[in-house]
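Visitor:
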Amino acid sequence: MSKNRRMISVLGSTGSVGLNTLDVISRHGDSLAVFGLAANSSVDIMLEQCRVHQPRFAVMVQEAAAQELRQRLPDGSVTEVLQGAAGLNKIAADDEVDAVMAAIVGSAGLPSTLAAANAGKVLLLANKESLVMGGHLLMQAVREHGATLLPIDSEHNAIFQCMPVDTNGTPLHAGVSKVLLTASGGPFRTWTSQQMAEATPDQACAHPNWSMGRKISVDSASLMNKGLEFIEACWIFDLRPQQIEVVVHPQSIVHSMVQYVDGSVLAQLGNPDMRTPIAYGLGWPDRLESGVEPLDLVALGRLDFESPDEGRFPCLRLAREAVATGGTAMAVCNAANEVAVEAFLQKTICFTDIPRLIEQTLEQVSIVEPTTLSVVEQADREARQHTTQLISDGASPTMSRGRG
Ligand code: NAD
Ligand code: MG
């Protein structure tokens with residue numbers, strides 16, 4: 003491999019963001035190369051990715067999956083198979099790596115995201131849960147080790163593009179009064195609470211504009227995705243909660259906006275396709291061709307905006323309250339949500355139980371200062387146990403267990 007190509011590791015390469023990242027990388031074989039790929043257990047997809055991208059390392063978190071991949075890679079393959087957390091940390095922090103795409107879903111992404119920050123890498127951050135859980139630790143690691151954090155979540159990428167930043171990508175606040183965080187409103191934007199109580203996982207995952215993994219799709223339907231993004235924006239842009247306003251924009255064309263003290267509002271627009279923020283992160287500070295269709299505003303005709311309804315979508319309020327509480331409340335909120343979403347996807351609880359379970363967990367689990375990674379991980383574990391217990395007790399008044 004030619005040494006002047008930038009070496010990229012993709013954590014969560016078999017997921018929605020991972021696939022889009024490899025699509026963009028494959029358009030720039032002259033300037034970008036894959037150093038490492040990592041996934042949980044999808045051996046078939048990983049095998050094909052190894053054939054196409056010839057990474058130096060492929061990491062499978064599950065041991066049996068790592069063994070299977072080792073057996074199925076052809077003799078003489080350039081790819082070495084690693085396993086588990088040690089493998090993730092290796093490809094996140096190796097000296098040869100220039101940039102790390104953090105696209106594992108959920109809190110499982112925190113240790114490897116931190117490892118990339120501690121190694122001073124260009125950190126392309128899609129894994130919002132790691133920032134929600136350990137925002138203090140992650141931002142401190144970025145500062146202390148000279149890492150460059152480039153947000154890949156489309157809203158934060160839009161804000162980043164509309165905000166002045168220094169040469170290391172650190173946002174500067176000069177003249178910024180407020181951030182307008184746009185939300186599509188998800189598939190249940192116009193549904194009543196009663197209708198949502200009957201929603202199936204497939205209905206929740208049928209997002210009107212974006213094609214994404216199932217966990218973030220459910221988060222988009224409950225607006226917890228916007229709640230997590232609210233917390234994410236506080237950390238990345240060092241904003242006070244009052245400086246962030248959520249605006250529902252059903253077309254998902256304006257990806258977010260920054261308002262300045264002189265009355266100017268800068269917006270970033272584009273088709274809803276993750277390859278735009280991914281290409282921006284991979285090319286920064288230059289621009290790369292991404293394969294995304296150009297935006298046709300005349301064909302669109304109109305862009306609508308409305309206020310979110312926190313009565314029907316309590317997750318937004320819960321995230322805001324977790325920020326106000328501070329400490330490990332955000333990690334607890336995130337962990338309770340992950341457990342509740344998984345239970346909903348397994349049809350153990352109904353959709354409207356998700357916010358109830360989060361609220362009860364936040365009320366009942368103790369909140370402490372998130373001083374170290376192990377304190378944050380302990381809070382995550384406790385919250386998971388608590389929410390799991392609430393589900394098995396059938397604690398929520400409307401909880402219907404064993405739905406078919
Ligand atoms: P996905 O479910 O499609 O993919 C998840 C990836 O993580 C897979 O490669 C899987 O193998 C890996 N993974 C799962 N559990 C793991 C574990 N325990 N250890 C290591 N790897 C594990 O998810 P996605 O939609 O690509 O989302 C990834 C992250 O990006 C999430 O944090 C999500 O919130 C964020 N994000 C996604 C989108 C999108 O368009 N999909 C947009 C913005 C932000
Ligand atoms: Mg987003």
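So for the sequence shown, this note's numbering puts the first residue at 3; every next one is plus one.
Beta carbons: idealized from backbone N, C-alpha and C, even for Gly.
(1) Hey, out of P166, T150, S44, I369, whose CA is closest to Q261's CA?
(2) Output yes or no for whether 8 angstroms exceeds the beta carbon distance between L13 and A66.
(3) What are the complete alpha helix (DSSP H) segments, minimum 4 residues, inside the segment 232–288?
(4) With E98 as the anchor, note down where its alpha helix (DSSP H) starts and where it stops.
(5) If S254 and S309 are in contact, beta carbons under 8 angstroms, what's the gap, nearest whole angstrom?
(6) Please confirm whether L126 and V102 have their CB atoms less than 8 angstroms apart.
(7) Could you check how far apart the C-beta atoms of M276 and V19 are, in whole angstroms? I think they sit under 8 angstroms.
(8) Runs of 3 residues minimum, wholly inside the segment 141–228: which ones carry the beta strand (DSSP E) assignment?
(9) Between the alpha carbons of H30 and E361, how many angstroms are there, rounded?
(10) Starting from R8, follow its DSSP beta bridges and name the residues at the other end.
(11) Quick check: L225 and L133, are their CB atoms within less than 8 angstroms of each other?
(12) Report yes if the C-beta distance between T350 and I393 is below 8 angstroms; otherwise report no.
(13) How should L290 be labelled, buried or exposed, when 16 other C-beta atoms within 10 angstroms of its C-beta is the threshold for buried?
(14) Does the distance between the C-beta of T194 and the nearest non-hydrogen atom of the ligand NAD fall short of 7 angstroms?
(15) Quick check on V105: does DSSP put it in helix, strand or coil?
(16) Buried or exposed: where does E200 fall if 16 or more other Cβ atoms within 10 Å of its Cβ makes it buried?
(17) In the DSSP assignment, what residue or residues form a beta bridge with L126?
(18) If you measure from each CB to the nearest heavy atom of the ligand MG and keep those under 6 angstroms, what residues do you get, in chain order?
(19) Going by the C-beta, is V63 closer than 7 angstroms to any heavy atom of the ligand NAD?
(20) Cα-Cα, which of H257, A326, V250 is closest to D311?
(21) Determine contact between the segment 153–166 and the segment 228–237, defined as no fewer than three beta-carbon pairs at a distance below 8 angstroms.
(22) Ordered along the chain, which non-local residues of its own chain (more than five positions away) have a Cβ less than 6 angstroms from that of L39?
(23) Find the nearest neighbour of Q391 within the set I369, E371, A345, I27, judged by alpha-carbon distance.
(24) Does DSSP put E361 in a helix, in a strand, or in coil?
(25) Output yes or no for whether 8 angstroms exceeds the beta carbon distance between A281 and V36.
(26) On a CA-only basis, which of Q387, S376, C352, R7 is nearest Q196? Give me that one, please.
(27) In whole angstroms, what separates the C-alpha of T373 from that of V256?
(28) Around the C-beta of H209, are 16 or more other C-beta atoms found within 10 angstroms, so that it is buried, or is it exposed?
(29) Closer than 7 angstroms by C-beta to H138: which residues in its own chain qualify, once you throw out the five before and the five after it? Chain order, please.
(30) Give the straight-line distance between the Cα atoms of Q73 and S114, rounded to the nearest whole angstrom.
(31) Here's a check: name, in chain order, each residue in its chain whose Cβ is nearer than 8 angstroms to the Cβ of G272, leaving out the five neighbours to either side.
(32) Compute the beta-carbon to beta-carbon distance between G148 and G171, rounded to the nearest angstrom, for a pair I have assumed lies under 8 angstroms.
(33) Label L299 either buried or exposed according to how many other C-beta atoms from any shown protein chain fall within 10 Å of its C-beta, with 16 as the threshold for buried.
(34) Give the DSSP bridge partners of L39, in chain order.
(35) Whose CA, out of M48, V181, K130, G177, lies closest to the CA of K217?
(36) Per DSSP, what kind of secondary structure is Q85 in: helix, strand or coil?
Guide: Judging by the given coordinates:
(1) In the sequence shown, residue 261 corresponds to position 259, counting from 1. Closest by alpha carbon: P166.
(2) Residue 13 sits at position 11 when you count from the first residue of the sequence shown. Residue 66 sits at position 64 when you count from the first residue of the sequence shown. Against a cut-off of 8 angstroms, the Cβ pair of A66 and L13 comes out as no contact.
(3) You should have 277–285.
(4) The residue you call residue 98 lines up with position 96 of the sequence shown. Here E98 belongs to no alpha helix (DSSP H), and DSSP marks it neither H nor E.
(5) Your numbering for residue 254 matches position 252 in the sequence shown. Your numbering for residue 309 matches position 307 in the sequence shown. In fact, because the Cβ distance is near 17 angstroms, the residues do not count as touching under 8 angstroms.
(6) In the sequence shown, the residue the question calls residue 126 occupies position 124. In the sequence shown, the residue the question calls residue 102 occupies position 100. Contact: yes.
(7) Residue 276 sits at position 274 when you count from the first residue of the sequence shown. Residue 19 sits at position 17 when you count from the first residue of the sequence shown. Confirmed, about 6 angstroms.
(8) Runs found: 150–153, 178–185.
(9) Counting from one through the sequence shown, the residue named residue 30 turns up at place 28. Counting from one through the sequence shown, the residue named residue 361 turns up at place 359. Cα to Cα, H30 sits roughly 46 angstroms from E361.
(10) Sequence index remark: in the sequence shown, residue 8 carries index 6 (1-based). The partner list for R8 (beta bridge, DSSP) reads L34.
(11) Along the sequence shown, one-based indexing puts residue 225 at 223. Along the sequence shown, one-based indexing puts residue 133 at 131. No, the Cβ-Cβ distance between L225 and L133 is not below 8 angstroms.
(12) The residue given as residue 350 occupies position 348 in the sequence shown. The residue given as residue 393 occupies position 391 in the sequence shown. The Cβ atoms of T350 and I393 lie closer than 8 angstroms to each other.
(13) For the purposes of this step, residue 290 is taken as residue 288 along the sequence shown, with counting starting at 1. Counting other Cβ atoms within 10 Å of its Cβ, L290 reaches 16 or more and is therefore classed as buried.
(14) Sequence index remark: in the sequence shown, residue 194 carries index 192 (1-based). Checking the Cβ of T194 against the ligand NAD gives no.
(15) Taking the first residue of the sequence shown as 1, we reach residue 105 at position 103. The sequence shown places Ala at residue 105, rather than the Val named in the question. Look at A105 here: in three-state DSSP terms it is coil, with no helix or strand label.
(16) Counting from 1 along the sequence shown, the entry for residue 200 is found at position 198. E200 comes out exposed.
(17) Here residue 126 refers to the residue found at position 124 of the sequence shown. L126 is bridged by DSSP to M103, L152.
(18) Ordered along the chain, the selected set is D155, S156, E157, E231.
(19) Taking the sequence shown and counting its residues from 1, the one referred to as residue 63 is at position 61. True, at least one ligand heavy atom lies under 7 angstroms from that Cβ.
(20) Taking the first residue of the sequence shown as 1, we reach residue 311 at position 309. It is V250 whose Cα lies nearest to the Cα of D311.
(21) Taking a cut-off of 8 angstroms for Cβ pairs, the segment 153–166 and the segment 228–237 touch, as three or more such pairs fall below it.
(22) Here residue 39 is taken as the residue at index 37 of the sequence shown, counted from 1. Cβ within range, chain order: V12, S15, Q51, P57, A60.
(23) Here residue 391 corresponds to residue number 389 of the sequence shown, with the count starting at 1. Of the candidates I369, E371, A345, I27, the one whose C-alpha sits nearest the C-alpha of Q391 is A345.
(24) As a position in the sequence shown, residue 361 is number 359, starting the count at 1. Looking at E361 - three-state DSSP - the assignment turns out to be helix.
(25) Here the question's residue 281 lines up with position 279 in the sequence shown. Here the question's residue 36 lines up with position 34 in the sequence shown. Cβ distance not < 8 angstroms, so A281 and V36 don't count as in contact.
(26) As a position in the sequence shown, residue 196 is number 194, starting the count at 1. With distances taken between Cα atoms, Q196 lies closest to C352.
(27) Taking the first residue of the sequence shown as position 1, residue 373 is located at position 371. Taking the first residue of the sequence shown as position 1, residue 256 is located at position 254. Those two C-alpha atoms are separated by around 37 angstroms.
(28) Looking up residue 209 in the sequence shown gives position 207. Buried is the call here.
(29) As a working note, residue 138 is residue 136 in the sequence shown. Leaving aside the five residues that flank H138 on each side, the residues in its chain whose CB is nearer than 7 angstroms to its CB run, in chain order, P372.
(30) The residue you call residue 73 lines up with position 71 of the sequence shown. The residue you call residue 114 lines up with position 112 of the sequence shown. Each residue's CA atom was taken as its position, placing Q73 and S114 some 26 angstroms apart.
(31) Reading the sequence shown from its first residue, position 270 is the one you call residue 272. Here the set comprises I255, H257, T278, V294, L297.
(32) Reading the sequence shown from its first residue, position 146 is the one you call residue 148. Reading the sequence shown from its first residue, position 169 is the one you call residue 171. Contact between G148 and G171 is absent: CB atoms are separated by about 11 angstroms, not below the 8 angstroms threshold.
(33) Position 297 of the sequence shown, counted from the start, is the residue given in the question as residue 299. Counting of Cβ neighbours within 10 angstroms places L299 among the exposed residues, the total staying below 16.
(34) Taking the sequence shown and counting its residues from 1, the one referred to as residue 39 is at position 37. Looking at the DSSP assignment, L39 forms a beta bridge with V12, A60.
(35) Mapped onto the sequence shown, residue 217 falls at position 215. Looking only at M48, V181, K130, G177, the smallest Cα-Cα distance to K217 is reached by K130.
(36) Here the question's residue 85 lines up with position 83 in the sequence shown. In the structure shown, the three-state DSSP call for Q85 is strand.
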